[in-house]
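Residue numbers (the UniProt record's numbering), protein chains in the order written: chain A, 1 to 183; chain B, 1 to 106; chain C, 1 to 997. Here a beta-carbon is modelled for each residue, glycine too, at the ideal position from N, C-alpha and C. Predicted model, so just to flag it, every value in this text is computed and none were measured.
Written as C-alpha cells, this is what we have:
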C-alpha cells in the first residue's frame with residue numbers, strides 16, 4: 001500500500017540530480033479499434049495516416065496516434081480536440097465500422113527525464129531499452145503493471161499508466177530517483 | 001524467464017509481457033449442439049500433455065494483446081518457433097531440423 | 001602491528017588502520033582486509049564452531065567458498081546478519097562481529113560434547129535415532145533437534161535496509177574478472193560490443209591478486225592489471241565488483257547480487273544495501289576459475305589447517321602470514337609455491353609433504369635451495385592441538401603400505417588436494433560434464449546456452465593459459481554475434497602452472513573407523529559417513545548426498561563435492577563418471593531475502609490499486625480489505641464501533657433511508673461494433689437481441705465447461721454499443737476470455753472490446769431516498785419510476801459531469817449507479833455526501849454490500865460459486881436464453897454429469913436457534929450421529945447477521961439442495977453441532993416491492 005497521489009494535478013513528483021519525474025496534465029485519450037479494411041477511411045477522418053507497425057507513432061497538429069496492436073491504436077490529443085475526433089469517426093462509422101472509446105480518465109502519464117532516465121526505467125521495465133527508438137512507444141510491463149512506455153528522447157520517457165496502478169509505480173519511481181542520485 | 005518472439009510485434013521479448021494459453025489447435029466446434037457428450041468432453045478436457053515439442057498458445061498480454069501459437073519443447077523449455085494464430089500448424093520435422101542446426105555446441 | 005602482518009605486502013593500505021570487534025574484543029586491521037585476514041593478522045585462527053560436533057574451526061579458505069569461518073555481523077539496530085563468511089566480509093571502523101554455534105564461549109563450548117559422542121552422530125543419525133516411539137516426537141525429539149540444529153541465529157528485528165533491483169541487457173556478460181575474464185572482456189569490447197564484467201570480490205583481478213610475481217608482457221602482474229582495467233573502462237566495459245552471479249537461467253538470463261553497503265562504514269544516504277540485477281546477455285563467458293580441494297585425513301579441520309592457495313592469497317593479497325611454522329601437505333604442485341612465498345616472507349616451512357612419490361624435479365630443487373625438507377610419497381594421518389594445530393602426523397607410504405609415523409610440530413598446516421573447475425553456473429544451465437581422467441575432475445562437455453567457458457573453468461591451469469584462452473573465448477563470443485574479432489596473445493613469465501593427483505581419504509596406519517577425516521566441513525560429514533552410507537545401501541550419489549548431507553550446506557559443496565564423489569565411487573567400486581555428480585542449484589552463494597524481495601517490501605510489498613474515492617475513505621476512517629489487487633473500504637466505523645456494530649448500522653441506515661458505496665472497482669468493458677449484439681449473444685447465457693437501448697440486464701458468463709465464471713449488469717447504450725460490468729476480481733480475466741474467443745474463434749465478427757474499468761468512477765446509491773437525493777443533480781433526464789424504471793441506463797449530465805446513469809440494485813432497495821469520468825469521482829462523492837446529509841446518508845463498505853446482497857440471495861461469483869457451479873445449481877436457470885442456438889457453455893450444460901441428480905445446489909440456511917451464525921466454509925452433514933468420517937453434503941458459502949431478517953442468515957451449496965427445502969441439516973463444529981433448516985435464498989422483500997419506488 002502506497003501513499004496517496006493526487007492524479008488530477010500536473011506537477012513534479014520527484015527530482016534529483018539524476019532524474020526528474022513529472023506528472024503530466026491530462027489529455028484526451030481514445031482507444032481506436034478497427035480492421036484492416038477500415039484503416040484508410042479512419043486515416044482520412046483523423047487527417048493522418050494510421051501507423052501500421054506496432055510501436056510506431058504518427059503525429060500531426062498535436063495529435064499523437066500510436067499503433068499498439070494489429071487492430072488497435074491509442075489516440076492522444078489536446079482536450080479541445082476530443083469532440084472533433086469523436087464526430088469525425090462517428091461520421092464514417094456506417095461505412096467503416098470501428099470502435100472509438102474514450103479513455104481520457106483511464107490513464108495518466110508520467111514523464112521521466114534526466115541523465116539517468118534510462119537507468120530509472122530499468123528498475124521496472126524488463127525490455128532492452130536500447131532497442132526502443134526515439135519517437136516510438138511500446139506497451140510493456142513496469143514492475144508488474146501494464147504500461148505504455150514512450151521514448152520521447154535519448155533521456156526522456158513517458159509512462160502511460162492506468163489510474164489505480166499509478167500510486168504503486170510512482171512510489172517506485174520516487175524510490176529510484178533517490179537511489180540513482182545516491183550512486 | 002524465457003524470451004518469447006511475438007509474431008505480431010516481430011520482437012523477441014521478456015516472458016513477463018506474456019501469458020500462457022494452453023494447448024494450441026483445439027478449435028471450438030462450429031455447431032456444439034451436434035457434438036456427442038464424448039466429443040464435447042474431449043474438446044473441453046483432453047489434452048496431449050506432450051513430453052517434448054508442444055504446440056501451445058500464448059498471449060502478448062502486456063504488449064500487442066494478440067493470442068498466437070508456439071512450439072516449445074517441454075523438456076528443454078526452448079521455443080522452436082512462434083506463429084500467428086491463423087497460420088497453419090508448422091511441420092515439426094522441419095522445425096526440429098532447424099533447431100538442431102542452431103543448437104550451441106562446442 | 002602483529003608478527004603475522006608483513007609490512008608493505010599485499011593490496012591492503014598499511015597506513016589506514018581499521019578497528020573492529022570480534023566476540024567483544026577490539027582488533028586492528030587495515031583498509032582492504034576481510035574479517036578473516038585481519039583476525040589472522042592478529043594471530044586469531046579460531047573463528048567458529050562446527051555445525052554438528054561443535055569442533056573448533058578456523059578459516060579454510062580466503063574467499064566465498066569458506067565453510068568454517070561463519071560469523072554474525074552487526075551494523076546497528078536491526079542490521080544483524082548471521083552466517084556471513086569472515087573471508088568475504090570487509091572490515092570498517094566500528095564493525096561488530098561474533099562467532100556462532102558456541103555456548104558459553106568460542107573457546108569453551110558445552111556443545112562440543114557432541115564431538116566426544118562422535119560415534120553416535122554418524123550418517124543417518126537423525127533417521128535412526130528419532131524414529132521411535134512416535135509419541136516422543138513432539139515433546140522430546142523435535143525440541144532437541146531444533147535447539148541443537150541451525151547455523152547462527154536469525155535476526156530478531158525487521159530489516160531496516162533498502163534493497164534494489166534492475167534489469168540489464170548486455171551483449172556479453174563475463175562472470176569472473178580474473179585473467180580469463182579480463183582477457184575475454186578486452187576481446188569482446190574491442191569488437192565493439194556492450195560488455196559487462198562482474199566479480200564477487202571487492203576488486204577485479206582474481207588470481208592475479210594472489211600472484212604478483214607473474215610478469216605479463218614484461219609488466220608486473222599488478223601494473224598490467226591496473227593498465228588493463230583502465231583500458232577496459234575506456235572501451236566502455238561495465239565492471240561490477242562485489243557482484244555474485246547467483247543463478248544462470250534459461251536463454252542467458254543471469255541473476256547478479258551486488259553488495260553495495262556491507263563494506264562501508266557509512267553507506268550513502270538513500271543507497272540500497274544490495275541490488276539484484278536480472279541480466280539478459282546475448283553471450284555469456286564463464287571465467288570463474290577453479291576451487292582448491294582439501295585432502296581428507298584425520299584431524300584435517302583444526303584451526304590452523306588451511307588450503308595452501310588460500311594461505312598464498314592471505315600473504316600476497318592481504319599481507320598476512322598465516323603462521324610462523326608451517327607444514328605443507330599436498331598432492332598438487334600449486335602448494336609448493338605457497339610454501340616458497342611464505343618462506344620468503346619469513347614463515348618457517350617445516351616440511352613439504354607430497355603424496356606423490358616423485359614430485360616435479362624443479363620444485364624439489366627450489367625447495368632444496370631454500371633448505372626446505374621435502375617428504376615425497378608421504379601421507380598425513382593425524383593432527384594435534386585443541387584450539388589451534390600443534391603438530392601433524394605423517395608417514396611414508398611404500399608399495400601401498402603406510403610405514404612408521406613421525407610428528408612434525410607446526411602452527412599452520414597448508415593442504416592441497418588439487419583443483420576443481422567452478423562449474424556451478426554452468427550446471428544451472430543443464431550443461432553436461434565429462435570426467436577427465438588426467439585432471440581427475442569434471443570438465444564442461446555439452447553446452448546448452450549461448451555460452452563459453454574460459455580458463456581454469458575448463459581445466460586450463462596457469463595465468464598464461466587463462467589470459468590466452470580468455471581472449472579466444474571473448475573473440476568467439478564476438479564472432480557469434482557477427483563481429484570480427486581477434487584474440488591477442490600475451491606472454492607470461494614466472495607463471496605457475498602445475499599438475500597433481502586426486503585422492504580419496506589418505507591412507508593411514510590407524511583405524512580408519514575412528515578417523516575424523518572431514519569431507520564437508522560445514523555439515524561435518526566425514527569419509528567414514530560416506531562409506532557408511534554406501535554400506536547401508538545408498539547407491540545413487542543423490543541418495544548418498546541426502547543421507548550424509550554431504551554438499552548440502554550453505555557452501556553447496558564447493559570444497560567437498562569431488563572428494564565426496566571420489567570416496568563414494570571408491571566405496572561403490574565404480575569409476576567417478578559412472579557415479580556422477582549431484583546437481584548444483586542456485587544461488588551460487590547464500591543470498592539475502594532482501595536481495596530477492598528488492599523493492600517489494602513495506603508499503604511497496606505488492607501492487608495496491610486504489611479508486612479515485614479511496615483517499616476520502618481513508619480520511620474518513622474507513623477500514624480497508626484487499627479485493628484482488630484493489631484495496632476497498634470494508635466498513636466505516638463511527639466512534640467506538642467494532643466491525644459488527646458498524647456493519648449493522650450501515651445496513652440499517654441504507655435500508656431505512658440512503659447508503660452510498662464506492663463501486664469504482666467493478667470491471668467495465670465497452671463492446672462496440674455492428675456485431676456487438678451477436679457477440680453478446682454468443683458470450684453470455686442471456687438473450688440480448690431484444691434488449692432495447694437504454695435498458696440493462698443481468699448477464700451470466702460461463703466457461704465452455706458450463707460453470708459460472710462471472711456475472712454483472714450490462715447496459716445497451718445503442719444498437720452497436722454495450723456497457724458490460726464484471727466482478728471486481730474478474731475484470732481482467734473476463735476481458736482476456738472475450739478477446740480469446742474474438743481473436744481465435746470468431747475473428748470474422750466486427751466488434752471490439754475496450755476496458756473502461758478505470759475510465760469511470762462508480763458510485764452506488766441505495767435506499768428509499770436514492771432518487772430524492774440525485775434528482776436535483778441530473779440534467780436532461782427524467783428519472784421517475786415510469787420514465788426510468790428499474791434496469792435502465794442513460795447518458796446524462798450529473799452534477800455538471802458527463803455521466804452514465806444506471807438504475808440498478810444489488811441491495812433490493814431503490815438503487816442507482818452513477819459513472820463519471822474518474823477524475824471527478826471524489827468530487828462527486830463529496831457533493832453527494834454533503835447533499836445526502838438531509839437524508840442521513842451513510843457511507844458503507846464491502847461488508848455491508850455483502851450482507852445486503854445476501855439478504856436478497858444475490859450471489860457473489862467466487863464466494864457462492866467455486867468453478868463447479870452451473871447456473872442451474874445456483875438457481876439462475878432463468879438467466880439462460882434457451883432458444884439461442886449457442887452460447888459459451890451451452891453445450892456443456894447438457895453433459896450427463898451436469899444434469900445428474902445430487903449436484904450441489906445453492907440454498908438458504910437458517911439456524912434453528914435463530915441466533916447462531918454459521919461459519920463460512922463450515923461443512924454440512926445430514927446425520928450428526930453417523931460415525932466419523934461423516935459424509936459431507938455441502939458447505940456454507942456466505943453467512944452474516946441480518947438486521948433486516950432479525951437473525952443470522954446463510955447461503956450454502958448442498959447436494960440436491962433445491963429438493964430439500966424445509967429439511968434439517970447439521971453443521972458440526974469443534975465445540976457443538978448446529979442445527980439448521982434449508983430455505984429459499986431470498987431472506988428479505990421476496991416480492992421486490994422496495995425496488996418499485
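| query | result |
| --- | --- |
| Of the choices C:83, C:658, C:272, C:805, whose alpha-carbon is the least far from that of residue 98 (chain C)? | C:83 |
| Kindly indicate which residue of A:36, A:62, A:54 has the alpha-carbon position closest to the one of residue 48 (chain A). | A:62 |
| Is the beta carbon of residue 327 (chain C) less than 8 Å from the beta carbon of residue 314 (chain C)? | no |
| Tell me which residue opens and which closes the alpha helix (DSSP H) that residue 407 (chain C) is part of. | Residue 407 (chain C) -> not in any alpha helix (DSSP H); beta strand (DSSP E) instead, spanning 401-409. |
| If residue 508 (chain C) sits next to residue 518 (chain C), beta carbons under 8 Å apart, how far is it from one beta carbon to the other, in whole angstroms? | At roughly 14 Å, the Cβ-Cβ gap does not stay under 8 Å, so residue 508 (chain C) and residue 518 (chain C) are not in contact. |
| Per DSSP, what kind of secondary structure is residue 652 (chain C) in: helix, strand or coil? | helix |
| If residue 332 (chain C) and residue 416 (chain C) are in contact, beta carbons under 8 Å, what's the gap, nearest whole angstrom? | 5 Å |
| When Cβ atoms are compared, which residues of the region 94-115 of chain A fall closer than 8 Å to chain C? | 97, 98, 99, 100, 101, 102, 103, 104, 105, 106, 107 |
| Can you find the residues in the same chain that come closer than 6 Å, C-beta to C-beta, to residue 77 (chain B), ignoring five residues on each side of it along the sequence? | none |
| Give me the DSSP bridge partner(s) of residue 939 (chain C). | C:923, C:957 |
| For the beta strand (DSSP E) that contains residue 564 (chain C), what are its first and last residues? | Element bounds for residue 564 (chain C): not the beta strand (DSSP E) but the alpha helix (DSSP H), 561-572. |
| With distance defined between alpha-carbon atoms, name the residue in C:715, C:260, C:449 nearest to residue 250 (chain C). | C:449 |
| Run through the region 271-301 of chain C for me and flag every whole beta strand (DSSP E) of 3 or more residues, listed as ranges in chain order. | 274-286, 290-292 |
| Looking at residue 178 (chain A): is its Cβ nearer than 8 Å to the Cβ of residue 16 (chain A)? | yes |
| How would you label residue 100 (chain B), buried or exposed, when you count the other beta carbons within 10 angstroms and need 16 or more for buried? | exposed |
| Looking at the secondary structure, which residues open and close the beta strand (DSSP E) in which residue 246 (chain C) lies? | 243-249 |
| With a Cβ-Cβ cutoff of 8 Å, do residue 5 (chain C) and residue 320 (chain C) count as a contact? | yes |
| Tell me, please, whether the CB atom of residue 65 (chain B) is closer than 8 Å to any CB atom in chain E? | Absence of chain E from the displayed structure is noted, the protein chains being A, B and C. |
| Please tell me whether residue 20 (chain B) has its Cβ less than 8 Å away from any Cβ of chain A. | no |
| For the pair the region 438-447 of chain C and the region 374-381 of chain C, tell me if three or more CB-CB distances fall below 8 Å. | no |
| Distance, Cα to Cα, residue 1 (chain C) vs residue 208 (chain C)? | Per-residue confidence for residue 1 (chain C) stands at a pLDDT of 44, beneath the threshold of 50, marking its modelled position as unreliable; the derived number appears in the next sentence. Near 26 Å, if we compare the C-alpha coordinates of residue 208 (chain C) and residue 1 (chain C). |
| Consult DSSP for residue 125 (chain A) and reduce its assignment to one of helix, strand or coil. | coil |
| With 8 Å as the limit, tell me which residues of the region 58-73 of chain A have their beta carbon closer than that to any beta carbon of chain B; keep them in chain order. | 68, 69, 70, 72 |
| Which residues of chain B have a Cβ atom closer than 9 Å to the Cβ of residue 75 (chain A), listed in chain order? | The premise fails here: residue 75 (chain A) is roughly 17 Å from chain B at the closest Cβ pair, so nothing lies under 9 Å. |
| Output needed in chain order: residues of the region 27-38 of chain A with a Cβ under 8 Å from some Cβ in chain C. | 31, 33, 34, 35 |
| Taking the continuous alpha helix (DSSP H) assigned at residue 54 (chain A), which residues delimit it? | Note, residue 54 (chain A): premise wrong, no alpha helix (DSSP H); not H, not E. |
| Any beta carbon of chain C sitting closer than 8 Å to that of residue 125 (chain A)? | yes |
| Considering residue 40 (chain B), what are the terminal residues of the beta strand (DSSP E) in which it resides? | Not the beta strand (DSSP E): residue 40 (chain B) falls in the alpha helix (DSSP H), residues 37-45. |
| For residue 62 (chain B), return the contacting residues in chain A, with the cut-off set at a CB-CB distance below 7 Å. | 139, 140, 141, 146 |
| Any idea what DSSP makes of residue 323 (chain C), helix, strand or coil? | coil |
| Let me check one thing: in DSSP terms, what residues is residue 666 (chain C) bridge-paired to? | None, per the DSSP bridge assignment. |
| In chain order, what residues of the region 265-283 of chain C put their CB closer than 8 Å to some CB of chain A? | 268, 269, 270, 271, 272, 278, 280 |
| I want to know whether the region 404-422 of chain C touches the region 290-304 of chain C - three or more CB-CB distances under 8 Å. | yes |
| For residue 177 (chain C), tell me which candidate among C:583, C:247, C:471, C:974 has the shortest Cα-Cα distance. | C:471 |
| Compare the C-alpha of residue 299 (chain C) against each of C:380, C:653, C:901 and name the closest. | C:380 |
| Does the pairing of the region 383-403 of chain C with the region 261-280 of chain C give three or more beta-carbon distances under 8 Å? | no |
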